[in-house]
Amino acid sequence: VLMSEQDARQIFALANPELSARELNTAWDRLARVRESGHIPPEFQSCLQAFSEYKAAHNLTDYTDLLHSWLQELGSGEGQPFFSQVLVDEIQDLTQLQGEIIKALVPKEGNGFFGIGDPNQSIYGFRGAMGNVALQFGQQWPSLEIVALYRNYRSRQEILDLSSKLCPESPALQAQTFEPRANLTWYQAESGAQEAYWIAEQVKELIGGTSHLQADSSEARHLAPPDIAVLVRIKALIPPLQKALDQHGLPCSVPESSPFWHDERIRLILRSIARCLGVPFDQGREILDKPELMIHYSPNELARTWARDERFHHTFWTSQPFQDLCAAYDSHQGWTELLAYIHLEEDAAHIRHQAQSVRLLTLHAAKGLEFEVVFLPALEQGIIPFAGPELFAGKNQAVAEAIFDMEEEKRLLYVGLTRPHSHLYMSCAKRRTLGRMPLHLPPSPFLQDVDFSRVCKVRRVARTRQKVKQLSLWDGLK
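The sequence shown stops at residue 459 when you use the numbering used here, and every number in between is there.
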């Protein structure tokens, strides 16, 4: 049975009952970084061994196990496919294990390999990305040719110049456009709520083309909601932004958690019942035995009937997806109405996906995407670079002293800065509330590396009026 990450974390806890909650979190997070590197610290080897033994005893596997199995098959020759060309995108985020798989897929000399990536966008070190892919492959394949790309077809030159200050060792990129100058704006709010309101105002003006800042820009009058994105470091920053956009009557889309019926085991149950009822569900073929009996059982009764089925580890019956299934079954009073509800929700999700809306995304989720306009709020120390759990503890001093993965966090900001084509809005707040925790954080130290000479600094003087003045960088950040 292939486990989700949530299931794997739960099984890891069951396999290591002697560890405290804090120790479990530390061990799990550390192993997430190193399991695909092949270098397990001695202090975590015993808990990883217990995890592996538990999975083997209960016929469970996770995604990293699949990669190890594939590499083992390739090494034995049993799984060796014939590929004349192997093309790999985003190679800067490869782990050591993934790199070994790629090496096993091509001849020893590396003939037929083609990879593309940007080392300045290597942002998955927390998942074990090795970061120095070109060096690793170059050592393996001495004839490997490395071609540097300098032309940028997404952003205007002012955006490239501003973002390049975060990566001064990299060659400068040249915009392949003769369009007007990009619009770069900085705003420091008194509070997170004021910042969110200001962003909503700017979005409304951009879509309507009425902003005095954009009055002589014909392109502003052609902007639509999908052209605009608000990118944040952590999901906890999304709710106040969504609220402000809603209050301004602006459609927006936010990252949605997967509904319970996307869990493969839930789908197996629902598919079996739908097949018996003659209701279309999905294209899967596997169904459970005796589905004609299942339609007469509630989910909790199914749990007792299939408790020993090897496809359902006992933790599944207490998992969140199963609890959600039970609640939905009770709410819709049976399988027929529940399946009808799921069909409606799937249709609604498709409509939401196609809808004209402003995108609210995390910086990680925005990687690889591009927009005409991008807002980067909450550019504050502790948020980017991210201080981790200390931030939510409300310990401002601890946030200031936290140990950051500074270079990766800087690359993450670089990803955000390089998403827009023509409009970039950056902002921070002197104070904000995350959850119920009040925070007073200074501007991100990364801003000291950014060239603000072409950035328009906005000062708020009234709720719906703005005063624009050219200031020095640090005047604008005070």
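Glycine residues also receive a C-beta, built at the ideal position from the N, C-alpha and C atoms.
Nearest-angstrom Cα separation, counted from residue j out to residue i
i	j	result
LEU306	ASN281	10 Å
LYS36	ARG412	46 Å
ARG132	PRO152	11 Å
PRO426	GLN362	6 Å
GLN429	LYS391	12 Å
LEU187	ILE209	9 Å
TRP316	PHE262	12 Å
SER403	HIS203	13 Å
MET111	GLN73	8 Å
ASN101	GLU81	22 Å
VAL223	ALA163	Note that residue 223 is Gln in the sequence shown, not Val. Their Cα atoms are separated by approximately 26 Å.
TRP179	LEU420	19 Å
SER238	HIS20	33 Å
LEU86	SER50	14 Å
MET275	TYR44	31 Å
ILE254	HIS294	20 Å
LEU48	LEU55	11 Å
LEU(-5)	ILE215	29 Å
THR166	GLN264	49 Å
LEU78	GLU150	28 Å
ARG103	ASN113	For clarity, residue 103 is Ser in the given sequence; the question names Arg instead. Rounded to the nearest angstrom, the two C-alpha atoms are 9 Å apart.
GLY96	SER144	24 Å
SER434	LYS146	12 Å
LEU415	VAL15	31 Å
ASN6	ASN(-3)	12 Å
SER198	GLY189	At SER198, the pLDDT of 48 sits below 50, so the modelled position is not reliable; the number obtained from the coordinates is stated separately. Spanning the two alpha carbons is a distance of roughly 12 Å.
TRP455	PRO207	In this prediction, TRP455 scores a pLDDT of 46, lower than 50, which makes its location untrustworthy; the coordinate-derived value is nonetheless stated afterwards. Going by the C-alpha atoms only, they are around 33 Å apart.
Beta-ladder partner(s) of residue i, from DSSP
i	result
VAL355	ALA210, LEU405
GLU327	BP columns for GLU327 are empty, so no partner.
TYR168	SER408, VAL439
GLN362	BP columns for GLN362 are empty, so no partner.
ILE219	Paired residue(s): none; ILE219 is not in a bridge.
ARG108	None; ARG108 has no bridge partner.
MET418	LEU415
THR296	Answer is none; THR296 lacks a bridge partner.
CYS233	VAL339
THR399	Paired residue(s): none; THR399 is not in a bridge.
THR76	ALA110
Whether residue i touches residue j by CB criterion (7 Å)
i	j	result
LEU141	LEU154	yes
THR343	VAL213	yes
ALA225	ALA284	no
ILE365	LEU394	yes
GLN53	ALA205	no
THR76	GLY109	yes
ARG137	ALA115	no
VAL235	LEU341	yes
PHE32	ALA8	no
MET(-16)	LEU29	no
GLY173	ALA410	yes
ARG246	ILE268	no
VAL128	PHE94	no
CYS233	VAL354	no
PRO23	GLU176	no
Residue closest to residue i, alpha-carbon to alpha-carbon, out of the options
i	options	result
HIS324	VAL260, ILE82, PHE293	VAL260
GLU388	GLY106, ILE254, ASP43	GLY106
MET407	VAL436, LEU415, LEU420, ILE97	VAL436
LEU350	GLU81, GLY369, PRO401	PRO401
PRO424	TYR168, SER238, ALA308	TYR168
ASP70	VAL355, THR414, LYS348	LYS348
TRP122	VAL15, LYS84, THR414	LYS84
PRO370	PHE293, ASP10, LEU(-17), GLU(-1)	ASP10
GLU34	PHE(-7), GLY56, ILE215, VAL354	PHE(-7)
SER65	LEU47, LEU41, ASN40, GLY91	GLY91
SER279	LEU405, ARG266, ALA308	ALA308
LEU218	PHE356, LEU231, LEU405	PHE356
HIS39	ALA321, ARG289, LYS89	ARG289
PHE241	PRO(-2), TYR322, GLU17	TYR322
ARG417	PRO221, ILE250, LEU320, HIS313	PRO221
Any non-hydrogen atom of the ligand GDP closer than 6 Å to residue i Cβ
i	result
LEU251	In the structure shown, the ligand GDP is absent, as is every other ligand, since no ligand is present at all.
Discussion item. Three or more C-beta pairs under 8 Å: does that hold for the segment -13 to 4 against the segment 293 to 302?
Written reply: yes
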